[in-house]
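Worksheet: one structure, shown below.
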Amino acid sequence: RTSSIMASKLFSHLNNNPRAKLAAQLSLSALIPAVPILVWSRDIEKEREERAHEVATRLRIPSVQTVDDLMVEKCQPGDVILFDRRCECCASGAAAAFGCLLGKSLLCEEEDGTRSVERGSYEHCGIVVPGLSTSQGAEHDPSNLCLLEATPGSGIACRPLLTRLEMSRSRSVILLPLSCPGEKRYEVDYDDENAVSDKMQFLKEQTNNELAKFRDKWLSDSASQNYASQHSYLSIMGALLYATGLYPTFPIPVSPSAWLVVSALQDCGVGMKLNEKQSQQTRVEDFTRDGRFFEKDTVRLRPGWKFLSPVVMRETSVS
Numbered sequence: 011r012t013s014s015i016m017a018s019k020l021f022s023h024l025n026n027n028p029r030a031k032l033a034a035q036l037s038l039s040a041l042i043p044a045v046p047i048l049v050w051s052r053d054i055e056k057e058r059e060e061r062a063h064e065v066a067t068r069l070r071i072p073s074v075q076t077v078d079d080l081m082v083e084k085c086q087p088g089d090v091i092l093f094d095r096r097c098e099c100c101a102s103g104a105a106a107a108f109g110c111l112l113g114k115s116l117l118c119e120e121e122d123g124t125r126s127v128e129r130g131s132y133e134h135c136g137i138v139v140p141g142l143s144t145s146q147g148a149e150h151d152p153s154n155l156c157l158l159e160a161t162p163g164s165g166i167a168c169r170p171l172l173t174r175l176e177m178s179r180s181r182s183v184i185l186l187p188l189s190c191p192g193e194k195r196y197e198v199d200y201d202d203e204n205a206v207s208d209k210m211q212f213l214k215e216q217t218n219n220e221l222a223k224f225r226d227k228w229l230s231d232s233a234s235q236n237y238a239s240q241h242s243y244l245s246i247m248g249a250l251l252y253a254t255g256l257y258p259t260f261p262i263p264v265s266p267s268a269w270l271v272v273s274a275l276q277d278c279g280v281g282m283k284l285n286e287k288q289s290q291q292t293r294v295e296d297f298t299r300d301g302r303f304f305e306k307d308t309v310r311l312r313p314g315w316k317f318l319s320p321v322v323m324r325e326t327s328v329s
């Protein structure tokens, strides 16, 4: 009875106060569309936690390799990995999913015959870097490789490459193997020490060391500047500015993940030196065009360096 009396007084107050009634209507109008978003966010976060638990507790049989294990063995520091993500599976919230959708809609182009990848809308990427382990022989252990990427949930994140692949819900994951001058990757047996020249070995060690320095610096800067809270905003603003043609006038990266990878390639001496504005205008799609043959919309490497033919690491759906 007390509840009925309180409800009656509330309705009477709303009827007699137009401003209060308008405020209530506006609040309700905002709440109704928010309900399915909240339900989706809760469900996808729960699904993410379950997948993380499944990956962490997965039975690993010695001497038995999974497809992901074999793919990781193909990777080396400096390789770039492209993701055609399922935006509805973004577990970092509605803003992250919206940024993903805008990236696919505004930054990805239809296949025009210039890309090295036949299909897919790649709006996220990361670069393979040496892992954090300092144990003896770790630098040559594929299981120690990590993926450095810009994310909405963790900021600049460095996660074990195998775990990252197993956690991925992307439609397609593509590997762009990086080849240094004179290297014939996949053509010779690199277990044979004579297959790698002294010059090539020096270049690889230098690249690994510079990538490790870059990794540590960006992880530190991300933590100190709370980049995680800015990533979704930057992704949304970058895509909108690109679509409207205003991106040259604002110091905002068109694609934060592509900007990170280009910056890493430049710092380790692989990518052509660009000014900050040019680096910020790079899209993930630009990695799918060979800089030796295209002047625009591509990532240019220094002479002798090149990306080899793309390797499909995972392709679960073409829809």
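Just add 10 to wherever you are in the sequence shown, counting from 1, and you've got our numbering.
From the three backbone atoms N, C-alpha and C, an ideal C-beta is built for every residue, glycine too.
For residue i, the nearest candidate out of the options (CA to CA)
i	options	result
Ile262	Leu284, Gln288 and Val65	Gln288
Pro187	Pro320, Arg324 and Pro152	Pro320
Leu116	Phe317, Ala106 and Leu250	Leu250
Ser104	Asp53, Thr67 and Val82	Here residue 104 turns out to be Ala, not Ser, going by the sequence shown. That would be Asp53, whose Cα lies nearest to the Cα of Ala104.
Arg181	Val82, Cys100 and Glu55	Cys100
Ser153	Asn219, Ala107, Gln86 and Asp208	Gln86
Trp80	Val127, Lys214, Asp151 and Val139	Going by the sequence as given, residue 80 is Leu instead of Trp. Nearest of Val127, Lys214, Asp151 and Val139 to Leu80, Cα basis: Asp151.
Glu215	Gly88, Ser51 and Glu59	Gly88
Gly141	Leu229, Leu111 and Leu213	Leu229
Val294	Arg312, Gln235, Phe317 and Val264	Val264
Thr173	Tyr132, Val82 and Pro266	Val82
Gln276	Leu311, Glu64, Ile71 and Glu325	Leu311
Trp315	Gly113, Leu256 and Thr217	Thr217
Gln240	Glu57, Thr67, Ser51 and Ala106	Ala106
Ser143	Arg169, Cys135, Glu133 and His134	Arg169
Glu133	Val127, Glu119 and Lys114	Lys114
Under 9 Å between C-beta atoms of residue i and residue j
i	j	result
Cys156	Leu171	yes
Ile184	Glu159	no
Ser245	Gly109	yes
Thr308	Asp300	yes
Ala268	Leu221	no
Ile91	Met323	yes
Met210	Arg61	no
Phe303	Val271	no
Ser102	Ser242	yes
Val139	Phe224	yes
Ala238	Thr161	yes
Gln235	Tyr257	no
Tyr196	Leu284	no
Three-way DSSP call (helix, strand, coil) for residue i in this model
i	result
Arg169	strand
Asp202	Here the model assigns Asp202 a pLDDT of 47, short of 50, so the residue's position is not dependable and the matter cannot be decided.
Phe93	strand
Arg310	coil
Arg174	helix
Asp300	strand
Ser182	strand
Leu137	According to the sequence displayed, residue 137 carries Ile and not Leu. Ile137: strand per DSSP, three-state reduction.
Val322	strand
Ala101	coil
Glu159	strand
Gly281	strand
Asn154	helix
Glu119	coil
Glu64	helix
Glu215	helix
Arg129	coil
Cys110	helix
Ile246	helix
Lys209	helix
Tyr257	helix
Sheet register partners of residue i (DSSP bridge)
i	result
Phe317	Leu188
Ile262	Paired residues: none, contrary to the question.
Thr292	None, per the DSSP bridge assignment.
Next item on the list: May I ask you to verify whether the stretch 181-195 touches the stretch 162-170, counting CB pairs closer than 8 Å and requiring at least 3?
Entry: Segment contact: the stretch 181-195 against the stretch 162-170, fewer than three CB-CB distances shorter than 8 Å; contact not assigned.
Check: Can you find at least 3 beta carbon pairs, one from the stretch 92-99 and one from the stretch 268-284, that sit closer than 8 Å?
Finding: Of all C-beta pairs linking the stretch 92-99 to the stretch 268-284, fewer than three are shorter than 8 Å, placing the two stretches out of contact.
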